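In the working numbering, the protein residues as written are 635 to 971.
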């Protein structure tokens with residue numbers, strides 16, 4: 635039984651905590667920490683079986699009854715918690731991104747390698763049944779070499795402006811998942827990008843130099859081409875589609891819906907909207923990624939999403955932002971340390 639300590643009891647932390655407590659046979663939640671700890675958080679953690687509850691995450695990290703740490707705190711704290719957890723000999727699951735500064739990510743990855751512990755990064759979409767099928771078909775070679783990789787990712791509504799103000803920007807906060815996805819689907823590294831972006835939904839976003847709508851074109855080392863489109867507001871629901879066109883054909887997936895029925899009449903076709911947001915859309919994927927992490931610990935296997943997978947999308951995000959600001963193609967070599 636892998637004994638897990640949870641750092642961060644916000645929305646994503648509680649999601650992982652619920653899964654560890656209720657859906658993962660090989661793990662148990664033994665500790666939880668949050669710097670904003672209050673009575674409600676303490677009550678929640680106790681209800682999930684946590685024996686130790688702290689305001690100071692370092693106490694959790696240094697608890698000898700914790701085998702592995704789930705880092706679900708704010709992005710700015712991730713790398714430091716990875717370094718401290720590795721130093722304490724704990725295996726680590728870290729939500730994305732590891733950090734927005736590649737130098738800090740590299741420092742964290744060096745600490746993990748030196749300690750010989752496992753680090754898995756929370757790119758949950760890799761564990762979705764639809765996107766994984768696209769990957770598996772491409773990786774099997776059944777369709778030959780990939781030519782075009784397309785990813786559409788549109789949120790149903792903008793996040794609160796207070797969140798967006800400190801999120802790090804659309805490329806780091808939102809499209810980071812898609813930068814990981816194109817690497818996953820293509821089986822290749824991105825070599826260059828060109829980005830278009832604008833503010834078309836929430837005018838207040840202009841105040842802090844961010845965008846809410848973007849299209850990024852990419853080239854890959856294997857010769858394939860890619861395109862990602864993002865929007866902060868798809869009023870019809872959470873739009874999550876992927877496609878790979880290859881030598882011998884194409885594999886693609888459409889959105890999950892609340893129900894998959896279609897009603898066809900003389901007036902037209904009626905169907906349900908896409909599943910509303912990521913908590914509903916990726917429920918099973920969140921469970922699957924935690925099972926994979928626990929299995930890697932128990933069986934001494936490699937994690938399926940490692941530190942390198944956490945670093946490369948940040949480089950792509952930095953290149954996309956540079957392209958947007960400078961209005962030109964940016965090669966990844968320009969930003970890789």
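Glycine included, every Cβ here is placed at the ideal spot set by N, Cα and C. Fair warning: this is a prediction, and the values are worked out from it, not measured in the lab.
Contact between the segment 782-794 and the segment 725-741 is defined here as three or more beta-carbon pairs at a separation below 8 Å; is this criterion met? no
Mind reading off the beta-carbon distance from residue 667 to residue 690? Whole number of angstroms is fine, and I expect it under 8 Å. 7 Å
Integer-rounded CB distance, given that residue 953 should sit under 8 Å from residue 966: 6 Å
Ranges of the alpha helix (DSSP H) found wholly within the segment 776-846, counting only runs of at least 4: 795-799, 804-807, 810-820
For the beta strand (DSSP E) containing residue 648, list its first residue and its last residue. Note, residue 648: premise wrong, no beta strand (DSSP E); alpha helix (DSSP H) at 645-656.
Note down, in chain order, each residue of its chain lying with its Cβ closer than 7 Å to the Cβ of residue 855, except the 5 sequence neighbours on either side. 822, 823, 825
Separation of residue 749 from residue 721, as counted between CA atoms: 6 Å
Counting only the same chain and skipping the five closest in sequence on each side, list residues whose C-beta sits under 7 Å from that of residue 915. 872, 874, 890, 909
Please name the residue in 842, 756, 739, 681 whose C-alpha comes closest to that of residue 919. 756
Grab me the residues of residue 836's own chain with a C-beta within less than 6 Å of its C-beta, minus the 5 sequence neighbours each way, in chain order. 792, 846
Less than 9 Å between the C-beta atoms of residue 654 and residue 640, yes or no? yes
Considering only C-alpha positions, which residue in the set 964, 911, 893 is nearest to residue 905? 893
If I follow the unbroken beta strand (DSSP E) through residue 734, where does it start and stop? First-last for residue 734: undefined, no H or E at that position.
Can you tell which of 795, 827, 861 has the C-alpha that lies nearest to the C-alpha of residue 840? 795
Within 10 angstroms of its Cβ, does residue 805 collect 16 or more other Cβ (buried), or is it exposed? buried
How close, in whole Å, do the beta carbons of residue 650 and residue 924 come, if the pair is a contact with beta carbons under 8 Å? 7 Å
Taking Cβ to Cβ, would you say residue 635 is nearer than 9 Å to residue 661? Yes; because the gap between Cβ atoms is below 9 Å, this pair is in contact.
Which residue or residues does DSSP assign as beta-bridge partners of residue 874? 787
For residue 867, which of 930, 957, 929, 834 has the nearest alpha-carbon? Taking only the C-alpha atoms, the option nearest residue 867 is 834.
Straight-line Cα distance separating residue 772 from residue 778: Our two residues, residue 778 and residue 772, have alpha carbons roughly 8 Å apart in a direct line.
Which two residues bound the contiguous beta strand (DSSP E) that contains residue 862? Its beta strand (DSSP E) spans residues 859-865.
If you follow the beta strand (DSSP E) that residue 944 is in, where does it begin and where does it stop? Note, residue 944: premise wrong, no beta strand (DSSP E); alpha helix (DSSP H) at 941-960.
Contacts around residue 880, its chain only, beta-carbon distance under 8 Å, and the 5 residues preceding and following it disregarded: 772, 777, 778, 779, 780, 781
For residue 939 and residue 870, I'd like the C-alpha separation in whole angstroms. 31 Å
State the beta-bridge partners of residue 605 as determined by DSSP. This structure cannot speak to residue 605, because the chain is shown only from 635 to 971.
Return yes when the C-beta of residue 733 is under 8 Å from any heavy atom of the ligand HEM, and no when it is not. In the structure shown, the ligand HEM is absent, as is every other ligand, since no ligand is present at all.
Please report the distance separating the alpha-carbon of residue 595 from that of residue 663. Only positions 635 to 971 of the chain appear in the structure, and residue 595 is not among them; the question remains open.
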